[in-house]
Amino acid sequence: MSQTLTWGILGAGNIAGIFAKGVASSKTGKLLAVGSRTQEAADRFGDKWDVPRRYSSYNDLLADKDVQAVYISTPHPMHAEWAIKAAEAGKHILCEKPIALNQSEAMAIVEAAQRNDVFLMEAYMYRCHPQIAKLAELIRDKAIGDVRVIQASFAFNAGYNLNSRLLKDTLGGGGILDVGGYCTSVARLIAGAAIGKPFADPTKVTATGHIGEESHVDEYTVASLAFPSGIVAQLLTGVRVNAENEIRVYGSEGFLTIPPPWNPRAGHTTKIIVKRNDGEVTEHSFETEDLYGLEADAVAEHLAERQSPTMSWEDTLGNMRTLDQWRAAIGLTYPAEQPQGPDQHLPVHKRPLKARPQNIMKYGRIEGVEKPISRLVMGVDNQVNWPHSSIMFDDFIEQGGNCFDSAYIYGGGMCEKILGQWIKNRGLREQVVILDKGAHTPHCNPQALSSQFLQSLDRLQTDYVDIYMMHRDNTDIPVGEFITVLNEHKNAGRMRVFGASNWSIERLQEANDWAAAHGMSGFSAMSNNFSLARMVDPVWAGCIAASDPRSRAWLEKTQMPIMPWSSQARGFFTGRAHPDDHSDAELVRCWYSEDNFKRLERVQQMAKERGVLPINIALAYVLNQPFPTFPLIGPRQLSETRTSLPALTVELTPEEVRWLNLED
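Residues in the sequence shown are numbered consecutively from 1050, following the working numbering.
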């Protein structure tokens, strides 16, 4: 642990001053610099808190090589931008709560900290108080028996100043983000301690609340959380109503209370009061030090681990996810979360979007598509809101990716709409490759194909797609009818090439033979399942795999590019699969077999030898085939994108490919 940690404060508002006072009382911190948006504000803050270095911009503060750590105290919507820039500047980060507007932005911050190897913690200062450690201990030790109900409240009446940050939707105002996160985080902490874990995430979040007609933010609201252990929680927060502001936990053998728990002042005594059903009453008292000083010391203490158990990265992400669910339950979104919101032409870090230098992406070609195509393709099948989608897509571009796969049916059309809006906002149409699909069963016929395709173009806000795939086949219709209508769209410039998803090798060859005989274009690519694990049972009806020896021989002979889905066997190689674990019924049905577990053993052996994850070996198997492959990946989190990429660096010999597939 560093004996001293040199701090800079980014922002010069009220909370920044409170932290400056806390650093002065800390055991490890030294306040060196402040950055504000004007020199006047920086000087005023510096004079008040005796800060030697005063900067008129946040960038200038981040450029100070003597500043080791920064405390980010800007308004909520600016947290993500400046936390990411601080990480890129090599600064350790304590970011005022909430760490971001939503869980997606929080993901981007965590990834930046991981990528740049810096400390990161969300500043819920109450977590640093010894009474919270004692609270978790009492719950773990069953001081009140089995926990059943949690109540937590944090609300205050801030008046009705619509210019206040608390009541401005453009500043992320309202109770949920400002103080509701305290209630949420302590409920998750208690629910976790009750089952011997650092925290637990709720399985259900419901809420009611009042959104102001003029403020457009949550002025007061109550949420109910249900946890998998059977624990339920009731949370109250607001900025236009006063509450008792306390924590109550009810168990099978009693209850405990922490009156006001959130911001105990230095020099004051706080208490946890335990009342058991047998009449026994116990008080646990704590002398309070400056909470913000304790917070600064927590950073220094855990600097080497890059995160603190006080508020770990996973805890922060889970807390933000719950706050997202709370806001969704009352119908609250912020302007910055809308595709047409301010600055939506830029990523969250507010810089033009481009691939990072030294990225490891590789590229290939498909005849007829003039652009190089990233060897990994981002699946656009699960992103149905703007914050999550834009964060995931931006990161993929920065990782060097440029190919996106979607379909008419994904998200009821929402996935195509969001992808199209993102491409428009970022101005990337000629830099990205769109792979889109349509004519899924039961609407698999030439008429439906044309109707759906034109709707897809409208949703995508483009006049062409680079690659169009039929999503399914209909063997009742002659191949010539499909080839004819696809050629009409291709000749009209609405698609550069077309292909087939989940078509048999025989039907695809028949179609291409028919096209050649009639002077038309045939299928240029296919998109069946292809993975190291054999698909034992189709994931969905009508799914076709091309992993068998005959299909692989045909692909090698024809050099037909394949853009396979479930290229990593839907998590089979991530550690989720084990012969004795049948908790995931679909994983068991589709992928469990004796030969697949033998493949898994070989993957794990090679991964250990190569120093990579098993999923990297499984994906490398697909990438190292003797025919063109462009595997589709379907990450839900940025960490899943990051951990997939090293597969691009794994080179396998033909002998190793055969060995992995039990062909030795």
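Just so you know, even glycine gets a beta-carbon here, dropped at the ideal spot from N, CA and C. It should be emphasised that the depicted structure is a prediction, and the values quoted were computed from it without experimental measurement.
Mapping the DSSP letters down to three states, classify residue 1203 as helix, strand or coil. For the purposes of this step, residue 1203 is identified with residue 154 of the sequence shown, where counting begins at 1. If DSSP states are grouped into helix, strand and coil, residue 1203 belongs with the strands.
Given a cut-off of 7 Å, decide if residue 1585 and residue 1642 are closer than it, judged by their beta-carbon atoms. Walking along the sequence shown from the start, residue 1642 turns up at place 593. Walking along the sequence shown from the start, residue 1585 turns up at place 536. It is a contact, given that the beta carbons lie within the stated cut-off.
Using the Cα positions of residue 1578 and residue 1669, report the straight-line distance between them to the nearest angstrom. In the sequence shown, residue 1578 corresponds to position 529, counting from 1. In the sequence shown, residue 1669 corresponds to position 620, counting from 1. Approximately 15 Å between the Cα atoms of the pair.
Within 10 angstroms of its Cβ, does residue 1159 collect 16 or more other Cβ (buried), or is it exposed? As a first step, residue 1159 must be located in the sequence shown, where it is residue number 110. So residue 1159 counts as buried.
When you compare the segment 1642 to 1659 with the segment 1671 to 1684, are there three or more beta-carbon pairs, one atom per stretch, that lie closer than 8 Å? no
I believe residue 1505 touches residue 1465 by the beta-carbon criterion, under 8 Å. Please report the beta-carbon distance rounded to the nearest angstrom. For this step, residue 1505 is matched to residue 456 along the sequence shown. For this step, residue 1465 is matched to residue 416 along the sequence shown. Yes, residue 1505 and residue 1465 are in contact; Cβ-Cβ is about 6 Å, under 8 Å.
So, using beta-carbon positions, are residue 1413 and residue 1424 closer together than 7 Å? By 1-based counting over the sequence shown, the position of residue 1413 is 364. By 1-based counting over the sequence shown, the position of residue 1424 is 375. A contact, by the Cβ cut-off of 7 Å.
Distance, residue 1396 Cα to residue 1388 Cα: Within the sequence shown, residue 1388 is the residue found at index 339, counting from 1. Within the sequence shown, residue 1396 is the residue found at index 347, counting from 1. Looking at the two C-alpha atoms, the distance is approximately 12 Å.
List the endpoints of the continuous beta strand (DSSP E) containing residue 1267. Residue mapping note: residue 1267 aligns to position 218 of the sequence shown, counting from 1. 1267 to 1275 is the span of the beta strand (DSSP E), which, as asked, contains residue 1267.
State buried or exposed for residue 1461, treating a residue as buried only when at least 16 other CB atoms are found within 10 Å of its CB. Taking the first residue of the sequence shown as position 1, residue 1461 is located at position 412. Residue 1461 should be labelled exposed.
Residue 1613: buried (16+ other C-beta within 10 angstroms of its C-beta) or exposed? As a working mapping, residue 1613 is identified with position 564 in the sequence shown. The residue is buried, with at least 16 neighbouring Cβ atoms inside 10 Å.
Flag this pair as yes or no: are the beta carbons of residue 1621 and residue 1664 separated by less than 7 Å? The residue you call residue 1621 lines up with position 572 of the sequence shown. The residue you call residue 1664 lines up with position 615 of the sequence shown. For residue 1621 and residue 1664, no; Cβs fall outside 7 Å.
On the CB-based measure, 16 or more other CB atoms within 10 Å of its CB, does residue 1565 come out buried or exposed? Indexing the sequence shown from 1 puts residue 1565 at position 516. Classification for residue 1565: exposed.
Strictly by DSSP, which residues pair up with residue 1485? Taking the first residue of the sequence shown as position 1, residue 1485 is located at position 436. Answer is 1455 and 1517, bridged to residue 1485.
Sub-7 Å separation of residue 1294 and residue 1202 beta-carbons: What you label residue 1294 is simply residue 245 of the sequence shown in a count that begins at 1. What you label residue 1202 is simply residue 153 of the sequence shown in a count that begins at 1. Yes, these two residues count as a Cβ contact at 7 Å.
Nearest neighbour of residue 1711, chosen from 1581, 1599 and 1636 [CA to CA]: The residue labelled residue 1711 in the question sits at position 662 within the sequence shown. Residue 1581 is the option with its Cα nearest to residue 1711.
Bounding residues of the alpha helix (DSSP H) (the contiguous stretch that carries residue 1572): Counting from 1 along the sequence shown, the entry for residue 1572 is found at position 523. Run containing residue 1572: none; DSSP gives neither H nor E here.
Taking its Cβ as the centre, do 16 or more other Cβ atoms sit within 10 Å of residue 1700, making it buried, or is it exposed? For this step, residue 1700 is matched to residue 651 along the sequence shown. Answer is exposed; the Cβ neighbour count stays below 16.
Give a yes or no on whether the C-beta atoms belonging to residue 1145 and residue 1172 are separated by under 7 Å. Residue mapping note: residue 1145 aligns to position 96 of the sequence shown, counting from 1. Residue mapping note: residue 1172 aligns to position 123 of the sequence shown, counting from 1. Residue 1145 is a Cβ neighbour of residue 1172, given a cutoff of 7 Å.
Please determine, among 1523, 1510, 1536 and 1527, the residue with the shortest C-alpha to C-alpha distance to residue 1517. Here residue 1517 refers to the residue found at position 468 of the sequence shown. Of the candidates 1523, 1510, 1536 and 1527, the one whose C-alpha sits nearest the C-alpha of residue 1517 is 1536.
Nearest-angstrom Cα separation, counted from residue 1608 out to residue 1364: For this step, residue 1364 is matched to residue 315 along the sequence shown. For this step, residue 1608 is matched to residue 559 along the sequence shown. Distance between the alpha carbons of residue 1364 and residue 1608 is about 47 Å.
Give me the Cα-Cα distance between residue 1662 and residue 1339, rounded to the nearest whole angstrom. By one-based count along the sequence shown, residue 1662 stands at place 613. By one-based count along the sequence shown, residue 1339 stands at place 290. Residue 1662 and residue 1339 have their alpha carbons spaced roughly 44 Å apart.
Residue interval of the alpha helix (DSSP H) (run including residue 1372): As a first step, residue 1372 is located in the sequence shown; it is residue number 323 there, counting from the start. Residue 1372 -> alpha helix (DSSP H) spans 1362 to 1379.
Taking the alpha helix (DSSP H) that residue 1334 belongs to, which residues open and close that run? One-based indexing of the sequence shown puts residue 1334 at position 285. Bounds of any alpha helix (DSSP H) do not take in residue 1334; it lies within the beta strand (DSSP E) bounded by 1330 to 1336.
Buried or exposed by the 16-neighbour rule on C-beta atoms within 10 Å, applied to residue 1050: Position 1 of the sequence shown, counted from the start, is the residue given in the question as residue 1050. Its pLDDT being 45, under 50, residue 1050 is placed unreliably by the model, and nothing is read from it.
Name, in chain order, the residues that DSSP records as bridge partners for residue 1283. Mapped onto the sequence shown, residue 1283 falls at position 234. The partner list for residue 1283 (beta bridge, DSSP) reads 1200 and 1273.
What is the residue span of the beta strand (DSSP E) that residue 1652 lies within? As a position in the sequence shown, residue 1652 is number 603, starting the count at 1. Per DSSP, residue 1652 belongs to no beta strand (DSSP E); it is in the alpha helix (DSSP H), 1643 to 1659.
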